[in-house]
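Student: Dropping a structure here in structure tokens format, bear with me for questions.
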Amino acid sequence: MQEELAKSYNPKETEADIYSLWEKSGAFKPIASDVSVVPFVICIPPPNVTGSLHMGHALNNTIQDILIRRARMKQIPTLWIPGTDHAGIATQNVVEKKLAKEGKTRQELGREEFEKEIWQWVDEKGHIIIDQLKKMGCSCDWSRQRFTMDEGYTEAVKTAFKHYYDKGWIYQGERVINWCVRCQTSLSDIEVEYIEQPAKLYYFKYDNDFPISIATTRPETKLGDTGVAVNPKDKRYAEYIDKTFTVNFAGVKREIRVIGDRNVDMTFGTGAVGVTPAHSLVDYEMAEKNGLDIVKVINQYGKMTKEAGQYEGLKAKEAREKIVEWLKEENLLEKEEDITNNLSVCYRCNREIEPQPSKQWFLKMSELIKPALEAIKNDEIKITPDRWKKVYIDWMDNIRDWCISRQIWWGHTIPIEGETDVLDTWFSSALWPFATLGWPAGQSPLGGASKDVIASQQAKQSCDDKLNDLSYFYPTTILSTARDINMLWVVRMIFSGLELMKEKPFSQVYIHPTVFNKEGKRMSKSLGTGVDPLLLIDKYGADATRFGLMYINTGTQDLKFDEAAILAAQKFANKVWNIARFTMMQIDNMVIASNSEAISNNDWIAASPSASRNDKLAPKTEADKQILSRLNEVIKSTDENLDNFRFGQAAHDLYDFVWHDFADIYIEASKNQVDTPELKENTLYILLYTLKTTLKLLHPFMPFVTEKIWQNLKENGLVNEEQLITAHWPK
RNA sequence: GGGUGGCUAGCUCAAUGGUAGAGCAUCUCGUUUACAUCGAGGAGGUUACAGGUUCGAAUCCUGUGCUACCCACCA
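In full-length UniProt numbering, the protein residues as written are 1 to 731.
What follows is the structure in structure tokens.
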């Protein structure tokens, strides 16, 4: 006798139970029944350990879970490796904020205590994001979960560093770098962001005897000028090039040489640039070329140095005001102009960057980037959508050496004697696709043996100890990521993999759309423009959240998030539920009505459609023919769409098929057919077959409701396969 | 300054050079026991603009406008 299905689908009563059913059954672990089969592998982009789930995560992890679940149902050995990133500056900032609330600073605690404090924080809060991924339904192999600062990973980082060092690609140098005054650390070029904002452009001369006027938004830095650059073609200034003047600017005496530089824009300002080698990356390069002195007038705390004379000790902005006052008093200020300026800020704390000369570690890029560039150019690593290929190539063509040292306390300490600096977080993230699989230990045939790959007896005999994660699962299959970390992360994984593994880390990069809010603005917690996916899951269910996101994910265009899509998906989940309910009620009626032993056993109906059962699938009416033909079409289109990352199209096709072809047309027709004795059995069979196939196709998108229905079918003897998550994908 | 997208129904978005569609919203009708989280039907469009190619253009080409983002950082 059948258990009655509730009238509508209730996600809250379902999701946790279904998830633990999967976990307990070991369904998330790869099954390598035949190790000659190429596995399907995705490394999760590791969320920051401090993180909590946002819409970008929700979108990207739904995408990955769909690909993973489909591959698993195709019976391919499938692995999704999860983990978190220690996220150097971000995590340090979070814990510092927490300390600040307690009235403490990290300096008071000291480095060792502070690190302990962070580890404690990671232990307490690090699982939050992982739990949230589970709520989404992500079918990661949690037994392989990694952290970019766990023991093995630290080994990987050291090995990589040593490798580069031995190659002579790591060097230390005094350079002008991007310095965050708040975080008290250097940043790489791509960790600097720019904010457009109104600024004042001041036109003035250093003193009355200097022949050229300059223009600047930062008069306080002009205390450190040692040159003035003009365009060599500029007739106004040609006569001064290579001449040196002694100026007395706001009480500070300097030698200023006029230099010619083609990059100077003759139309901007006065066409002459005061060169401040110590506090501008561009000026530093000009100074190096021309042998100008480097004078540091602002220190690492953003305050004026002794070199700033009477302004010593003032904050840069205070000094700016005083200098403008002085210029006015001396009648040197010619003009103030309102302009829009790009202010450079730290990507972690949004505070103004203060370029500084500083001793840092760099990784030489010229050799490393070559094979990576080749791999992108010849499509060995394919990028989808392909318009990003050009962006990658342009960036790689113009790459600069990577500043890999950071002056923070949370991270991998640079392995060299006496070093207190740590490595850029992205140095360790760059190793993710192979470090997670056991590198460097996995390089030895016996090391890192993968104990929990569920291997068949036969496979065990044939490959035995040689089976290890690194050799079997590397290279991975697809990397799915947001576009804002293309350069920070993806390119660096590519050159790291090609150098250290001698093989690309993945064959496909899928760059998913960015989720904006309905106004087209970036979703941001601090701006209050975000939508919390956990609230959506709470309100509509995980399946609805997933399906709704995919329904509006056209694959190429950024999407403006509309909650209506999630609502529609919730109704859709309920529709699927009720299709199942209808089908089961019909079968139940038949069983009750029938005396046939075969039918009451349900044997005939439980079997998977196979050659021997094809007679049951013989379409007898126009409606029968139509639904089976449409079903075959949607099987085909779902596969094609997913092969090409067309998640939105796949969702639309499934939605239309289920709602209109299956429910509106076939189920309505079936109501008459089951009342016709000679059609009854056949109709029920087609109903059940269509339902089972539909559940399989929908499972990657809506894993919970489909599995729940499957379990109900199983209890009633209507399916053979234990779990939908591992059932055979339809062909 | 260089680059990449986008502009289609009230809103969010689809559409392989061949009758412009969906969801939500709206209107009419329906107490059909799978689902009212439903069903049947309607209305809603000079596809940003201007040219061009074509038998035929939302789609291809040229240009313009608006908009978003990326790279460079301009002092």
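Note that the Cβ used here is the ideal one computed from N, Cα and C, for glycine as well.
Everything numeric in this text was worked out from a predicted model, so none of it was measured.
Can you tell me whether residue 339 is buried or exposed, with buried defined as 16 or more other CB within 10 angstroms of its CB?
Tutor: Here the question's residue 339 lines up with position 339 in the first sequence. That one is exposed.
Student: According to DSSP, simplified to helix, strand and coil, what is residue 360?
Tutor: As a working mapping, residue 360 is identified with position 360 in the first sequence. Of the three classes helix, strand and coil, the one that applies to residue 360 here is strand, per DSSP.
Student: For residue 627, which residues does DSSP report across the bridge?
Tutor: One-based indexing of the first sequence puts residue 627 at position 627. Partner(s): none; residue 627 has no beta bridge.
Student: Grab the span of the beta strand (DSSP E) containing residue 338 for me, first residue to last.
Tutor: Residue mapping note: residue 338 aligns to position 338 of the first sequence, counting from 1. It spans 333-346 - the beta strand (DSSP E) in which residue 338 sits, taken as one unbroken run.
Student: DSSP state of residue 269, grouped into three classes?
Tutor: Locating residue 269 in the first sequence gives position 269, counting from the first residue. DSSP places residue 269 in coil when its eight states are reduced to three.
Student: Distance check for residue 77 and residue 37, CA to CA, integer angstroms please.
Tutor: Working through the first sequence from its first residue, we reach residue 37 at position 37. Working through the first sequence from its first residue, we reach residue 77 at position 77. Their backbone Cα atoms lie some 8 Å apart in a straight line.
Student: Along the chain, where does the alpha helix (DSSP H) containing residue 19 start, and where does it finish?
Tutor: For the purposes of this step, residue 19 is identified with residue 19 of the first sequence, where counting begins at 1. Residues 15-25.
Student: Is it a yes or a no for the segment 421-435 touching the segment 143-159, going by three-plus beta-carbon pairs under 8 Å?
Tutor: Output reads yes: the segment 143-159 touches the segment 421-435.
Student: To the nearest angstrom, how far is it from the Cα of residue 134 to the Cα of residue 376?
Tutor: Counting from one through the first sequence, the residue named residue 134 turns up at place 134. Counting from one through the first sequence, the residue named residue 376 turns up at place 376. The alpha-carbon atoms of residue 134 and residue 376 are separated by roughly 34 Å.
Student: Put residue 304 into one of helix, strand or coil per three-state DSSP.
Tutor: By 1-based counting over the first sequence, the position of residue 304 is 304. Looking at residue 304 - three-state DSSP - the assignment turns out to be strand.
Student: Note down, in chain order, each residue of its chain lying with its Cβ closer than 6 Å to the Cβ of residue 46, except the 5 sequence neighbours on either side.
Tutor: Along the first sequence, read from residue 1 onward, the residue named residue 46 stands at position 46. The residues are 83, 84, 85.
Student: Report yes if the CB atom of residue 215 is closer than 7 Å to the CB atom of residue 203, and no otherwise.
Tutor: For the purposes of this step, residue 215 is taken as residue 215 along the first sequence, with counting starting at 1. For the purposes of this step, residue 203 is taken as residue 203 along the first sequence, with counting starting at 1. It is a contact, given that the beta carbons lie within the stated cut-off.
Student: With 16 other CB atoms within 10 Å as the buried threshold, where does residue 16 fall?
Tutor: The sequence position of residue 16 within the first sequence is 16, counting from 1. That one is exposed.
Student: Pick helix, strand or coil for residue 31, following the three-state DSSP scheme.
Tutor: In the first sequence, residue 31 corresponds to position 31, counting from 1. In this structure, residue 31 counts as strand in the three-state DSSP scheme.
Student: Since residue 316 contacts residue 220 with CB under 8 Å, what's their CB separation in whole angstroms?
Tutor: Counting from 1 along the first sequence, the entry for residue 316 is found at position 316. Counting from 1 along the first sequence, the entry for residue 220 is found at position 220. That belief holds up - the Cβ atoms of residue 316 and residue 220 are roughly 5 Å apart, short of 8 Å.
Student: Going by the beta-carbon positions, is the gap between residue 499 and residue 368 smaller than 7 Å?
Tutor: Taking the first residue of the first sequence as position 1, residue 499 is located at position 499. Taking the first residue of the first sequence as position 1, residue 368 is located at position 368. Cβ atoms of residue 499 and residue 368: closer than 7 Å.
Student: Could you tell me which uninterrupted alpha helix (DSSP H) segments, each at least 4 residues in length, are contained entirely in the segment 359-391, listed from first to last along the chain?
Tutor: With a minimum length of 4 residues, the continuous alpha helix (DSSP H) runs that stay inside the segment 359-391 are 366-377.
Student: Within a Cβ cutoff of 8 Å, which residues of the same chain sit near residue 635, ignoring the five residues on either side of it in sequence?
Tutor: On the first sequence, residue 635 is found 635 positions in, with the first residue counted as 1. Contacts found: 693, 697, 730, 731.
Student: What is the DSSP secondary structure of residue 176, counted as helix, strand or coil?
Tutor: For the purposes of this step, residue 176 is taken as residue 176 along the first sequence, with counting starting at 1. Strand at residue 176.
Student: Let's see if you can read the secondary structure: which residues bound the beta strand (DSSP E) around residue 678?
Tutor: By one-based count along the first sequence, residue 678 stands at place 678. It is not in any beta strand (DSSP E) - residue 678 instead sits in the alpha helix (DSSP H) that spans 677-698.
Student: Judging by CA-CA distance, which residue of 179, 137, 532 is the nearest neighbour of residue 14?
Tutor: In the first sequence, the residue the question calls residue 14 occupies position 14. Closest by alpha carbon: 137.
Student: For the 8 Å Cβ check, are there 3 or more pairs between the segment 381-396 and the segment 503-511?
Tutor: Touching, per the Cβ criterion.
Student: The beta strand (DSSP E) that contains residue 186, what's its start and end?
Tutor: Translated into positions along the first sequence, residue 186 becomes position 186. Note, residue 186: beta strand (DSSP E), 185-187.
Student: Among residues of its own chain, excluding the 5 on either side of residue 87, which ones have a beta-carbon nearer than 7 Å to its beta-carbon?
Tutor: To locate residue 87, count along the first sequence from 1; it is residue 87. Counting only Cβ-Cβ distances below 7 Å, and skipping sequence neighbours, we find 48, 49, 50, 425.
Student: Only counting the same chain, and skipping five residues up and downstream in sequence, which positions put a Cβ closer than 7 Å to that of residue 567?
Tutor: Counted from its first residue, the first sequence places residue 567 at position 567. For residue 567, where only same-chain residues beyond five positions count, the Cβ hits under 7 Å are 540.
Student: How big is the Cα-Cα spacing for residue 601 and residue 665?
Tutor: The residue labelled residue 601 in the question sits at position 601 within the first sequence. The residue labelled residue 665 in the question sits at position 665 within the first sequence. Here the model assigns residue 601 a pLDDT of 44, short of 50, so the residue's position is not dependable, and the following value carries that caveat. Approximately 30 Å between the Cα atoms of the pair.
Student: Mind reading off the beta-carbon distance from residue 115 to residue 410? Whole number of angstroms is fine, and I expect it under 8 Å.
Tutor: Position 115 of the first sequence, counted from the first residue, corresponds to residue 115. Position 410 of the first sequence, counted from the first residue, corresponds to residue 410. About 7 Å separates the two Cβ atoms, so the contact holds.
Student: Count Cβ pairs between the segment 266-281 and the segment 350-364 that sit closer than 8 Å; are there 3 or more?
Tutor: Touching, yes.
Student: Report yes if the CB atom of residue 361 is closer than 7 Å to the CB atom of residue 172, and no otherwise.
Tutor: Position 361 of the first sequence, counted from the first residue, corresponds to residue 361. Position 172 of the first sequence, counted from the first residue, corresponds to residue 172. Yes, these two residues count as a Cβ contact at 7 Å.
Student: Mind listing, in chain order, the continuous beta strand (DSSP E) runs of no fewer than 3 residues lying wholly within the segment 519-577?
Tutor: Fully enclosed beta strand (DSSP E) runs of 3 or longer: not present.
Student: Using the Cα positions of residue 161 and residue 403, report the straight-line distance between them to the nearest angstrom.
Tutor: Stepping through the first sequence from its first residue, residue 161 is reached at position 161. Stepping through the first sequence from its first residue, residue 403 is reached at position 403. Answer to the nearest angstrom: the Cα atoms are 13 Å apart.
Student: Can you grab the Cα-Cα spacing for the pair residue 236 / residue 243, in whole Å?
Tutor: If you number the first sequence from 1, residue 236 lands on position 236. If you number the first sequence from 1, residue 243 lands on position 243. Roughly 14 Å between the two C-alpha positions.
Student: Sort 228, 141, 519 by Cα distance to residue 247 and report the nearest one.
Tutor: Along the first sequence, read from residue 1 onward, the residue named residue 247 stands at position 247. It is 228 whose Cα lies nearest to the Cα of residue 247.
Student: Just curious, the alpha helix (DSSP H) that residue 433 is in, first and last residue?
Tutor: Taking the first sequence and counting its residues from 1, one reaches residue 433 at position 433. Where residue 433 is concerned, the enclosing alpha helix (DSSP H) stretches over 432-435.
Student: Going straight from the alpha carbon of residue 113 to that of residue 420, what length do you get?
Tutor: Indexing the first sequence from 1 puts residue 113 at position 113. Indexing the first sequence from 1 puts residue 420 at position 420. Taking the straight line joining both Cα atoms gives about 15 Å.
Student: With 16 as the cutoff for other CB atoms within 10 Å, does residue 719 come out buried or exposed?
Tutor: By one-based count along the first sequence, residue 719 stands at place 719. Residue 719 should be labelled buried.
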